[in-house]
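Undergrad: Residue numbers (the numbering used here), protein chains in the order written: chain A, 1224 to 1815; chain B, 424 to 553.
So that we are looking at the same thing, I have put the structure below in structure tokens.
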């Protein structure tokens, strides 16, 4: 699809960035000590922190990725919503309050509270950096992917823009400004999506002016001789959509038949909307790719009518197709991913450091409740946003990430401008949290505690600022280099790695007295390395990252499924217990 | 994970050590030396500084077990109870409220239920921190 440069979204985004940078520079004076820089003096109110949790957590993958996946495949995207939200229960009931009590600035602080061990700090800091990196790359690539259609700028421009703004935010006032960026973003995201959902329900469903015939195939060929759409060169009046050769009044993704043969429903309530959808027939588009004799890549879209009730069930997306297969083996990917989402949230360093910004465990608890409320409301809305996009007739079949912004455009330019600007700020909020977590791991854990470089309070802040700039620059480079990589699934992997590397140690440290420093070092190292290795050798990576075909990937891989958590999390627990028991006598001799 | 016993209280010595660490921090101690680390082990039996509450912990773990069961039930129904031979024949496919299937209702319930349990926990654990 050809996108025109839109000035309105850019203006709204610039206005937001201006406000955010103004706040950051203004607050920089207040962030001179390590306590202020890393933890905002521990004086952030619980409500603000709760909303900031939403701003920190709801990444581009949540907003654009989930809406896009629901718009293309139905219920499968909602599985992520459920898993991401359920993970907060682990955070609230198991991890939050002890973490608040044990640590000061970083996750490594809490893990090392009992041991004062350089080894624990080193492994925890490395885990923080690796997990944050996995999380960071898709956000930065997402920024580039957004800027192209929304502003008509090249990919690198979006990456540089977001990278520079985030680096300024984190380098100036650390957690103080990051908190406010995340608070503003969290509130904006929930409110703007709420408005969109109200508009979706108010509009209800309509059928196209003329039915879309089953043989009306749309295709695009991209090759050395340019891009051809349906036999003619790509042009403003010859695009994949072009209202599907006119006469239909809609593009990709529409209702084929409403219950009772109605033409439109008018406004619907939240349950009525889902009920009507499940009784309707929806025109979805099956995508097939092939290579022509001239070396062009031909992508063909064939309309497929599907029942709404079927689209509200898991298993339509390739990632989850095993759910519909027989036997246990094909379902392991699904089970493993749901486990990773559940256990990963409470192991994410950039989320956990927010617990150090409130004054005590009670505030940590209350802010988690607020966070769950805000995040829960958002995730419920993703189903409506996704279904709204699926039936809006405005999908870009080549880019599922654009589903939510394109849906908003059907309600007018202003909503499109605001949603696009919110999508950018979504990237800002999450990336600042990630860079701050990384800067803390470098300055506070690695330089000060592992390398034992003498740093006073002010020097530690300076070191963190330098680390933030380096990490910001690194993330810009990665965002540009990884442009062609399919990155939306990287976030799912970040959850796998986080759950495998951090969760066994966090839980056992809190609940098993015999946990030793050797046990923690071993469990974290094994969890990190095994989950990373598993992911790198998985069929998914071979196919999506290294470019093998599905058949080749299945032959080459040495792991049976792509999501490692179901194996590597128990492995982490087992290693921790075994090594702790083996190393117990030495620790006892030390006087524990 | 889900079978974790609510009896498993938090390690008190761990909190004592953390409290000692916090005191060092307040006193401006530059960095943990081996001697300091050793002295923390001596502090193991000191009363906890911030009155950690076992009751809140037990309530939290109980609610956690409830949610774990609900989440596991959802995942298991999706994986094993909904499809046979590739076709939906029950489980999450069954319409439950106003024609909306169990997949959606259970999903909403897990999200709304998480918030409800969180509010309940905050209510039951209130005042436990003094």
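The beta-carbon is built from N, C-alpha and C at its ideal position, and this holds for glycine as well.
Alpha carbon to alpha carbon, how far is residue 1525 of chain A from residue 1672 of chain A? Give it in angstroms, no decimals.
TA: So the two alpha carbons sit approximately 59 Å from each other.
Undergrad: Do you know how far the Cα of residue 1516 of chain A is from the Cα of residue 1307 of chain A?
TA: Roughly 44 Å separates the two Cα atoms.
Undergrad: Taking only beta carbons into account, state which residues of the stretch 1497-1509 of chain A come closer than 7 Å to chain B, listed in chain order.
TA: Cβ contacts with chain B: 1497, 1498, 1501 and 1502.
Undergrad: Quick check: the Cα distance between residue 1233 of chain A and residue 507 of chain B, rounded to an integer number of angstroms?
TA: One C-alpha to the other measures close to 50 Å.
Undergrad: In the DSSP assignment, what are the bridge partners of residue 1441 of chain A?
TA: Note: residue 1441 of chain A sits in a beta bridge opposite A:1524.
Undergrad: Looking at the C-beta of residue 496 of chain B, does it have a partner C-beta in chain A at a distance below 8 Å?
TA: Chain A, which has no Cβ nearer than 8 Å to the Cβ of residue 496 of chain B, makes this no.
Undergrad: When DSSP builds the beta bridges, which residues end up paired with residue 1214 of chain A?
TA: This structure leaves residue 1214 of chain A out entirely; chain A is present only between 1224 and 1815.
Undergrad: Opposite residue 1793 of chain A in the DSSP bridges: which residues?
TA: Note: residue 1793 of chain A sits in no beta bridge, so no partner.
Undergrad: Considering only C-alpha positions, which residue in the set A:1430, A:1501, A:1483 and A:1444 is nearest to residue 1474 of chain A?
TA: Nearest option by C-alpha distance: A:1430.
Undergrad: Chain B partners of residue 1298 of chain A, CB-CB under 7 Å?
TA: Near residue 1298 of chain A (Cβ distances below 7 Å), the residues of chain B are 526.
Undergrad: Assuming residue 1397 of chain A and residue 1687 of chain A make a contact with CB atoms under 8 Å, what is their CB distance in whole Å?
TA: The pair is a contact, with the Cβ atoms about 7 Å apart (cut-off 8 Å).
Undergrad: Which same chain residues end up closer than 8 Å to residue 1392 of chain A when comparing Cβ atoms and leaving out the 5 residues on each side of it in sequence?
TA: Taken in chain order, the residues that qualify are 1243, 1244, 1247, 1400, 1401, 1404, 1651 and 1655.
Undergrad: With 16 as the cutoff for other CB atoms within 10 Å, does residue 520 of chain B come out buried or exposed?
TA: By the 10 Å Cβ count, residue 520 of chain B comes out exposed.
Undergrad: Using the three-state DSSP reduction, which class does residue 1588 of chain A fall into: helix, strand or coil?
TA: It is helical.
Undergrad: Taking residue 1575 of chain A as the reference, which of A:1268, A:1240, A:1622 and A:1333 has the closest Cα?
TA: Of the listed residues, the one whose Cα sits closest to residue 1575 of chain A is A:1333.
Undergrad: According to DSSP, is residue 524 of chain B part of a helix, a strand, or is it coil?
TA: Three-state DSSP puts residue 524 of chain B in a strand.
Undergrad: Going by DSSP, which residues form a beta bridge with residue 497 of chain B?
TA: None, per the DSSP bridge assignment.
Undergrad: Would residue 1355 of chain A pass as a contact of residue 1573 of chain A if the rule is Cβ separation under 8 Å?
TA: For residue 1355 of chain A and residue 1573 of chain A, yes; Cβs fall inside 8 Å.
Undergrad: In whole angstroms, what is the alpha-carbon distance linking residue 1277 of chain A and residue 1448 of chain A?
TA: Cα to Cα, the separation comes out at about 46 Å.
Undergrad: Sorted by chain position, which residues of the same chain lie with C-beta nearer than 8 Å to residue 1633 of chain A's C-beta, five sequence neighbours on each side aside?
TA: Taken in chain order, the residues that qualify are 1615, 1616 and 1617.
Undergrad: So for residue 1451 of chain A, helix, strand or coil by DSSP?
TA: If DSSP states are grouped into helix, strand and coil, residue 1451 of chain A belongs with the strands.
Undergrad: Please classify residue 1292 of chain A: does DSSP put it in a helix, a strand, or coil?
TA: Here residue 1292 of chain A sits in helix by DSSP.
Undergrad: Going along chain B, which residues have a C-beta under 9 Å from residue 1549 of chain A?
TA: 506, 507, 508 and 509, listed in chain order.
Undergrad: At the level of alpha carbons, what is the spacing between residue 1529 of chain A and residue 1502 of chain A?
TA: Spanning the two alpha carbons is a distance of roughly 11 Å.
Undergrad: What is the residue span of the alpha helix (DSSP H) that residue 1559 of chain A lies within?
TA: Where residue 1559 of chain A is concerned, the enclosing alpha helix (DSSP H) stretches over 1555-1567.
Undergrad: Say whether chain B places a C-beta atom closer than 8 Å to the C-beta of residue 1207 of chain A.
TA: Here chain A has residues from 1224 to 1815 only, and residue 1207 of chain A is not among them.
Undergrad: Could you give the C-beta distance for residue 1627 of chain A and residue 1411 of chain A, rounded to a whole number, given that I count them as a contact under 8 Å?
TA: Residue 1627 of chain A to residue 1411 of chain A, Cβ: 14 Å. No contact.
Undergrad: Compute the Euclidean distance between the alpha carbons of residue 1291 of chain A and residue 1769 of chain A, then round it to the nearest angstrom.
TA: Whole-angstrom Cα-Cα distance: 24 Å.
Undergrad: Locate the beta strand (DSSP E) running through residue 1477 of chain A, then write down its first and last residues.
TA: Start and end: 1477-1480.
Undergrad: Do residue 1754 of chain A and residue 1724 of chain A have their beta-carbon atoms positioned less than 8 Å apart in this structure?
TA: Yes, the pair counts as a contact, with Cβ atoms nearer than the cut-off.
Undergrad: Which of the three DSSP states, helix, strand or coil, is assigned to residue 1446 of chain A?
TA: Three-state DSSP puts residue 1446 of chain A in a strand.
Undergrad: Within 10 Å of its beta-carbon, does residue 1511 of chain A have 16 or more other beta-carbons around it, so buried, or fewer, so exposed?
TA: Classification of residue 1511 of chain A: exposed, given that the 10 Å Cβ count is below 16.
Undergrad: Tell me which same chain residues have a C-beta within less than 6 Å of the C-beta of residue 445 of chain B, skipping the five on either side of it?
TA: Bear in mind that a pLDDT of 48 at residue 445 of chain B, under 50, signals an unreliable position, so the number given afterwards is only what the model happens to contain. Here the set comprises nothing.
Undergrad: Straight-line CA distance for residue 1535 of chain A to residue 502 of chain B?
TA: In a straight line, the C-alpha of residue 1535 of chain A is about 15 Å away from that of residue 502 of chain B.
Undergrad: One question on the structure: do residue 1543 of chain A and residue 1279 of chain A come within less than 8 Å of each other, judged by their Cβ atoms?
TA: Cβ atoms of residue 1543 of chain A and residue 1279 of chain A: not closer than 8 Å.
Undergrad: Under 7 Å from any heavy atom of the ligand GDP, does the C-beta of residue 1657 of chain A make it?
TA: What this structure holds is no ligand at all, so the ligand GDP is not there to describe.
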